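Each remark here refers to the structure printed beneath this line.
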Amino acid sequence: MIPTGFSYHRPADLASAVGLLQAHGDEARVIAGGHSLIPMMKLRMADLSHLVDLQDIADLKGIEITDDTVTIGAMVTQHELIDSDALAAAIPLIREAALQIADPQVRYMGTLGGNVANGDPGNDMPGLMQCLGATYALSGPDGGREVAARSFYEAAYFTAREDEEILTRVTIPRPAGGTGYAYEKQKRKIGDYATAAAAVLIRMDGGACAEASIAMTNLADTPVWAEDAAAALVGTTVDDAARKAAIETAVAAIDPVTDNRGPVEFKQHVAGVILGRAIDRALERAS
Ligand SMILES: Cc1cc2nc3c(=O)[nH]c(=O)nc-3n(C[C@H](O)[C@H](O)[C@H](O)COP(=O)(O)OP(=O)(O)OC[C@H]3O[C@@H](n4cnc5c(N)ncnc54)[C@H](O)[C@@H]3O)c2cc1C
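In this text, residue positions in the sequence shown follow this note's numbering: the first is 2, and each later residue adds one.
Structure representation (structure tokens):
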């Protein structure tokens with residue numbers, strides 16, 4: 002199918018883009034890489050009269066790295082995330098996760114902002130950003146505000162973003178040196194969304210886990226930041242008992258549904274296996 006007709010707008014600055022959203026209300030939507038929105042329009046699951054293309058807005062581009070934080074513009078593509086050696090040195094977990102999204106063609110177009118703003122439980126970046134403790138900057142008619150990724154997701158395709166707001170940047174605190182990391186994803190085939198995915202950070206200090214963060218993808222209608230599961234690792238040597246407790250706690254926190262990726266019991270099992278692998282790999286990498 003082809004989408005229904007729409008007017009195409011290509012503003013050069015953020016204020017004009019917000020103005021277009023205000024002017025056209027429910028009838029308008031921003032388009033970034035288009036790799037989630039256009040399929041929805043073709044399937045007639047989204048019927049919009051105005052598309053506001055963000056690609057000419059310079060403020061939404063670029064990756065800025067300081068000693069403490071990494072700030073990434075919403076229009077930075079998944080390919081650019083992978084391609085940046087400076088970003089991979091600062092937060093290697095991002096390249097590892099981005100390489101597991103879709104295929105190169107999708108990654109050349111799909112943006113970080115589109116991936117995290119979309120609200121699709123199958124998107125990999127929301128859970129990743131929750132694991133990393135990222136903050137989203139939003140800009141709207143009333144100015145700017147910031148929302149933690151851990152509070153952003155309300156239900157499938159429902160987020161804390163208001164309709165007239167544009168997500169402009171993602172700011173991530175840099176994990177302490179020596180923090181181990183892993184993004185593990187089980188999918189049916191290359192290019193597929195996750196059956197289950199887990200993002201893990203582990204920092205060891207004197208043989209014990211000093212800090213941990215765990216988030217799970219496509220196992221509920223929002224990403225699941227498994228705070229209690231990570232807490233089960235902290236203060237331990239990440240031995241078998243702690244690993245088992247973390248996995249059991251995370252599996253209790255997810256809420257998968259039966260679909261073409263499998264029944265609930267299968268997804269719970271896969272989630273546990275994937276999280277176990279991610280914990281092991283993050284621990285191996287922690288120094
Ligand atoms: C074959 C295929 C396989 C895929 N596999 C995966 C996968 O394995 N993992 C994965 O994570 N993704 C996957 N995707 C999705 C892909 O990564 C998308 O590109 C991404 O989710 C959305 O980014 P986009 O820039 O294309 O956003 P768009 O499609 O342009 O927009 C998506 C939604 O977000 C909104 N939006 C976009 N940018 C902003 C912004 N700055 N502020 C506010 N709202 C905004 C739009 O209005 C729209 O509602 C796949 C896509 C395809 C086609």
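For glycine and all other residues, C-beta sits at the position ideal for the given N, C-alpha and C. On a predicted model such as this, the values are computed, not experimentally measured, just so you know.
In this structure, DSSP gives Ser37 a state outside helix and strand, which the three-state scheme calls coil. According to the DSSP assignment, Asp125 belongs to the alpha helix (DSSP H) that extends over 125 to 133. Per DSSP, Lys186 is one residue of the beta strand (DSSP E) stretching across 181 to 188. The stretch 169 to 188 makes contact with the stretch 134 to 142; the number of CB pairs closer than 8 Å reaches 3 or more. Per DSSP, reduced to three states, the secondary structure at Leu220 is coil, with no helix or strand assignment. Looking at the DSSP output, Thr136 shares a beta bridge with Ala149, Thr172. One thing to note: Val53 has its Cβ no nearer than 8 Å to the Cβ of Ile39. Arg286 sits in a helix when the DSSP states are folded into three classes. Per DSSP, the unbroken beta strand (DSSP E) holding Ala29 starts and ends at 29 to 32. Exclusion of Pro122 from the 7 Å shell around ligand 1 follows from its C-beta lying no nearer than that to any non-hydrogen atom of the ligand. The residue among Ala247, Arg175, Asp125, Glu147 with its C-alpha nearest the C-alpha of Tyr194 is Asp125. In the DSSP assignment, Met110 falls within the alpha helix (DSSP H) that extends over 105 to 110. Taking a cut-off of 8 Å on C-beta distances, the stretch 242 to 258 touches the stretch 221 to 228, as three or more cross pairs fall below it. Put simply, the stretch 99 to 109 does not touch the stretch 140 to 154. Fewer than three CB pairs are less than 8 Å apart. Taking the C-beta atoms as reference points, Cys210 is found nearer than 8 Å to Gly236.
Judged by DSSP in its simplified three-state form, Gly192 adopts coil rather than helix or strand. Counting along the chain, the unbroken alpha helix (DSSP H) around Thr250 starts and ends at 241 to 254.
The alpha helix (DSSP H) runs lying completely inside the stretch 57 to 100 and spanning 4 residues or more are 79 to 84, 86 to 91, 93 to 99, given in chain order. Of all alpha-carbon atoms in Lys186, Arg244, Asp229, the one lying nearest the alpha-carbon of Ala272 is that of Lys186. For the pair Leu55 and Met76, the CB atoms are nearer than the 8 Å cut-off. Across the set Ala18, Leu22, Gly263, the C-alpha of Gly263 shows the shortest separation from the C-alpha of Ala197. Met205 has its Cβ no nearer than 7 Å to any heavy atom of ligand 1.
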